[in-house]
Each structure stands twice: as C-alpha cells, then as structure tokens.
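Counting from 167, one number per residue, gives the positions in the sequence shown under my numbering.
Positions of the beta carbon are idealized from the N, C-alpha and C atoms, including for glycine.
Remember, predicted model here, so these are calculated numbers, not experimental data.
Notes for the one structure printed next.
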Amino acid sequence: MYTQALNTAETADRDLEDAGKAAQFQARIDAEERIEPNDWMPAAYRKTLTRQISQHAHSEIVGMLPEGNWITRAPTLRRKAALLAKVQDECGHGLYLYAAAETLGSSREELVDAMLAGKAKYSSIFNYPTLTWADIGTIGWLVDGAAIMNQIPLCRCSYGPYARAMIRVCKEESFHQRQGYEIMVTLCRGSEEQKAMAQDALNRWWWPVLMMFGPPDATSQHSDTSTKWKIKRFSNDELRQKFVDATVPQAQYLGLTIPDPGMTQDADGHWRHSEIDWTEFKQVLTGNGPCNRDRMAARRKAHEEGAWVREAAASYAAKRAQRQTAQAAE
Ligand code: FAQ
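Here it is in structure tokens:
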C-alpha cells in the first residue's frame, strides 16, 4: 500500500515535471527558437518529425526511379547531363534527410527497413509511370514545382537539422524546376507532335501533382499538431492553392490546357480547381497505384545489391576504430 502510494506520487511528480517542460518547449516554439537534437522535446514531436522527415527521405530516393528511367534515352548530351545531375541531387537530398532523421534517435537501417517492409510511406506521386520524354519535363516543372512550394516553408520549420537541410534542397529543386520548364518550352515551340506529347504529359500528371500536397485540411490527421509545433507553416489546401495560382499562368505561357474544364478564376484572381478524386489517392497510398509494386521491387533489389557496400563500409569503420584504440593505448 505504502509502495503503491509512493509510486503514484512519483508518477504525479514526473507528470508535473513533463507538463512544465512541455510548456517551456511550446514557449520556445512560439518565440521562433530552433529546437536542436539534444534539447528536450515531447515524445510526440520526435515521433511526428521522424515520420515526416523519413517519409520525405524515402520520397527523394524512390523519386529517382521515374526519371532515372529516361537517363539512357535523353534526346541530347546536354539533356542527359542535366537529368543525371538532377537525379543525383535527389539522392543527395535523401541522404541529408536520413541524416536529419537520425538526429532524432532512429538509425538509418531502421528507417530504410520500414520503407522496404511497406510500413513507411513515400510520396504518392512516384507511383506514376514516365511514358514519354515530355514526362521528364513535366516532372521538373510540376513535381519539383510542388516540392518547392511545400519545402520553402519547411526552411522555417522549428526543428533545426530539418530546416537547415531544406535550404540547400530548395536551391537544388529550383534548378530542377527550371530544367523541367525549359524542356516544356522547347517541346511546346516544337512540332505538332511534340506539343501534343507535352499536353498529354500535363493531362496525366496534373491531378496526381495536386494530390502531392496531401489530403484536404478537413481530413488531414497531423496538421493541427504540426502547425502548433511550427513544423507546418501552411495547411495542405493553402499550399495546393498557392501552387495552382502559380502554375496556371505558366501553362498559359506554354499554350497548354490544364485538364480541368471546371476550373474558374475568382474575383481575387485565384484559380479554383474542381474536386480532386481522393479515391485514387487512397488507392495509391494503399499500394494500388500504377507503379507501386515496381517501385518497391526496384528499391528492394537495389538494397540487396548494395549489401556488399554496407558490409565493406562497416568492416572498414570497425578496423579503423580498432587502429585508433591501439594508437591511443601506445
Ligand atoms: N503521398 O495528416 P496529413 C520530393 C500521408 S517531394 C503519400 O496531411 P502531414 C522531391 C501522410 O504522410 C515529395 N502519403 O500528413 C522530388 C499521413 O500518413 P501517416 C516529398 C501522403 O504529414 C521531386 C497521411 O497521409 N515531400 O520528393 C501524401 O501533416 C522530383 C495524412 O496526411 C515531402 O515529404 C502523399 N502525397 O502532411 C524528388 C515533404 N500526403 O504518416 C524526386 C514533407 C499525405 O499518418 C523527383 N512532408 N500523405 O501514415 C510534408 O510536408 C507533409 O508530410 C505532407 C503531409 C504535406 C506530405
């Protein structure tokens, strides 16, 4: 009885201490201070950031596949060099992001294993196929364009390592967007067939790109807490709207038609799109998109084929540590 009372008192003390820490933590967030890896943070903050940053990392890595598919078929040497550089940049983004997620206490192996086991998500957009060269232009223009819209506010995210990683990522995404748009300009100024190919790619990518921003605000599960913790600065719908408003004039400049006959411009100048087919989004998220199985199979194969590199690196690190210990003992 006495021990039970002591335990209850200890738990109450801990709860009080945690409540005090949580209040201090929120005050730091409200004052726009950055949270760093060794700072106290609520378990739920750590969890949601690990979730978001690792999903983001997986997206960058899986995101190499649709464009990687066209490296050998790029129409000129200049296009090939630019595409190679872009795909390599995406790999670099994945690596910074895994490093940022690791500062929250999960190992890279755990994070990657969760993705390969199908337990962790990556962006829905990378489950669509790249059928023609115009898809490469469209991905740079729209997918990187949407990524920039979403990631610029993340440069002000409350978690320091994520915010800092985003600065470089956004600079590189901006180059990616320009290379994609330039491909589109070239195709749209080219032959009838080239312009038709550009229009066809826009028709196929438009709606999936709008889905990249996530479910509508009314059904977004994490938005409220992520906004309170200044991980998110804008809601899913707000970013989607900003993207649509920025993109419609770009499509007009290209002479392409947004595949949404119901789209209207309101008195404030905002372009209002029609209802998004959220059943398609759910299908893609549950593994039933056009390329989910191929993407997972490609990542699993690459992971297996890279096992020797991880083993060699681990063995080198172990030998080096042994040498350093021996030298320190001398
Ligand atoms: N796909 O409650 P919310 C790139 C999930 S850019 C798949 O609204 P939250 C660059 C969400 O995770 C693409 N899943 O979630 C590139 C959650 O599931 P959970 C990557 C999605 O976190 C370009 C559930 O739905 N960018 O890679 C999607 O508040 C070209 C409920 O959603 C980022 O990851 C989706 N589209 O807001 C690379 C940016 N949307 O975790 C190569 C960072 C939502 O409960 C080539 N992430 N879900 O199982 C974010 O800003 C946020 O996480 C959102 C979602 C906005 C994606």
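Y294, DSSP secondary structure in three states | When DSSP states are grouped into helix, strand and coil, Y294 belongs to the coil group.
Contact under 8 Å by Cβ, E233 with I305 | Contact: yes.
Taking 7 Å as the cut-off, does the CB of I305 come closer than this to any heavy atom belonging to the ligand FAQ?
-> Yes, since a heavy atom of the ligand FAQ falls inside the 7 Å radius drawn around the Cβ of I305.
Per DSSP, what kind of secondary structure is W373 in: helix, strand or coil?
-> Helix.
Quick one: does the C-beta of D460 sit closer than 7 Å to a heavy atom of the ligand FAQ?
-> At a cut-off of 7 Å, the beta-carbon of D460 does not count as near the ligand FAQ: no heavy atom of the ligand is closer than that.
Closer than 7 Å: P208 CB and nearest the ligand FAQ heavy atom = Checking every heavy atom of the ligand FAQ against the Cβ of P208, none is found closer than 7 Å.
Pick from T242, M281, S220 that is closest to A463, judged by C-alpha positions = That would be M281, whose Cα lies nearest to the Cα of A463.
With DSSP collapsed to three states, give me the class of T164.
-> Here the chain comprises residues numbered 167 to 496, so residue 164 is not present and cannot be evaluated.
Which residues in the same chain as L172 place their Cβ atom closer than 6 Å to its Cβ, once the five residues preceding and following it in sequence are excluded?
-> Caution is warranted here: a pLDDT of 47 is assigned to L172, below 50, making its placement in the model unreliable, and the coordinate value is therefore given only provisionally. Apart from sequence neighbours up to five positions away, no residue of its chain approaches L172 with a beta-carbon distance below 6 Å.
For I442 versus W371, is the C-beta spacing smaller than 8 Å?
-> Not closer than 8 Å, so no.
Would you call T113 buried or exposed, if buried means 16 or more other Cβ atoms sit within 10 Å of its Cβ?
-> The first residue shown for the chain is 167 and the last is 496, placing residue 113 beyond what the model contains.
Just tell me which of I195, D279, A185 has its CA closest to the CA of E470.
-> For E470, the closest alpha carbon among the candidates I195, D279, A185 is that of D279.
Please report the residue range of the alpha helix (DSSP H) in which P415 lies.
-> Element bounds for P415: 402-420.
Apart from the five residues just before and just after Q418, which ones in its own chain have a Cβ nearer than 8 Å to its Cβ?
-> The answer is none, since no qualifying residue turns up.
Helix, strand or coil: which one does DSSP assign to S340?
-> Three-state DSSP puts S340 in a helix.
CA-to-CA distance, A197 to A185, given in whole angstroms | A185 and A197: Cα-Cα distance of roughly 18 Å.
Answer with buried or exposed for P517, where buried requires no fewer than 16 other C-beta atoms within 10 angstroms of its C-beta.
-> The chain is shown only over 167 to 496; residue 517 falls outside these bounds and no answer can be derived.
Are the beta-carbon atoms of R399 and F379 separated by less than 8 Å?
-> At a Cβ-Cβ threshold of 8 Å, R399 and F379 do not count as neighbours.
Any non-hydrogen atom of the ligand FAQ closer than 7 Å to G229 Cβ = Within the cutoff, so yes.
Helix or strand or just coil, what does DSSP make of R330?
-> Three-state result, R330: helix.
Which residue from E338, L277, T445, I291 puts its Cα closest to that of L231?
-> For the residues E338, L277, T445, I291, the minimum Cα distance to L231 belongs to I291.
Proximal residues to P241 (C-beta, below 8 Å), its chain only, five neighbours per side dropped | In the same chain as P241, and ignoring 5 residues on each side of it, the C-beta atoms closer than 8 Å to its own belong to W299, in chain order.
DSSP beta-bridge partners of Y563 = Because the chain here runs from 167 to 496, residue 563 falls outside it and cannot be looked at.
With 16 other Cβ atoms within 10 Å as the buried cut-off, status of R239 | Per the 10 Å Cβ criterion, exposed.
Is Q431 helix, strand or coil by DSSP?
-> Q431: strand per DSSP, three-state reduction.
Quick one: is the Cβ of R330 within less than 7 Å of any heavy atom of the ligand FAQ?
-> No, since every heavy atom of the ligand FAQ falls outside the 7 Å radius drawn around the Cβ of R330.
Assign W236 to one of three DSSP states: helix, strand, or coil.
-> Looking at W236 - three-state DSSP - the assignment turns out to be coil, as it is neither helix nor strand.
Helix, strand or coil at R212 [DSSP, three-state] = Assignment of R212 by DSSP, reduced to helix, strand and coil, places it in the helix class.
Are P208 and T269 close, meaning C-beta to C-beta below 8 Å?
-> No; because the gap between Cβ atoms is not below 8 Å, this pair is not in contact.
In or out: N454 buried (at least 16 other Cβ within 10 Å) or exposed?
-> For N454, the number of other beta carbons within 10 angstroms of its own is below 16, and it is reported as exposed.
Does the Cβ of H436 have 16 or more other Cβ atoms within 10 Å, making it buried, or fewer, making it exposed?
-> With fewer than 16 Cβ atoms within 10 Å of its Cβ, H436 is classed as exposed.
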